[in-house]
Amino acid sequence: MDKKLNFTSDDLLNKKFSHSEYGYNPLEIDEYLDKIIEDYEKIENSKPASISEEALKEIQALKKENAALKSELEKEKNKWKYISKDYKDIHIDNYELLLRIGKLEMLIYEKLNMNPDDIK
1237 MDKKLNFTSD DLLNKKFSHS EYGYNPLEID EYLDKIIEDY EKIENSKPAS
1287 ISEEALKEIQ ALKKENAALK SELEKEKNKW KYISKDYKDI HIDNYELLLR
1337 IGKLEMLIYE KLNMNPDDIK
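Each residue of the sequence shown is one higher than the one before, starting from 1237 at the first, in my numbering.
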């Protein structure tokens, strides 16, 4: 198959069709579209079949990152699996509650410009 394309972008843009009794000549348009299809087939067949080594390495790196993120997501889901959607049955262990309270206390101390060690 000849690799030279039938048309350039200017050819496609500036094409003028002849008129027939009821509009454009359908045979002329069909022939033109057939040649355009030939060009598309040539372009599609000229694409490289193989992927570069660099692209393969990037794909592998992205697959690893994706697996790590999925694993991390599952861990996070497991942390919150006991919290129901309607919040009637909330289960959080005491350690998490103490951490949250500690963080809130630190925020309050920061807002008041206080050192928690100074409180007796």
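Here a beta-carbon is modelled for each residue, glycine too, at the ideal position from N, C-alpha and C.
- Secondary structure note for Leu1333: its alpha helix (DSSP H) is the uninterrupted segment 1330-1347.
- The alpha-carbon of Ser1282 is positioned some 49 Å away from that of Asn1314.
- In the structure shown, the three-state DSSP call for Tyr1258 is coil.
- With a beta-carbon spacing of about 6 Å, Lys1278 and Lys1239 fall inside the 8 Å limit used to define contacts.
- In this chain, the alpha helix (DSSP H) harbouring Asp1247 covers 1245-1250.
- Judged by DSSP in its simplified three-state form, Pro1284 adopts coil rather than helix or strand.
- The C-alpha of Asn1242 lies about 57 Å from the C-alpha of Lys1311.
- About 12 Å separates the beta carbons of Ser1254 and Glu1267, which is beyond the 8 Å limit, so they are not a contact pair.
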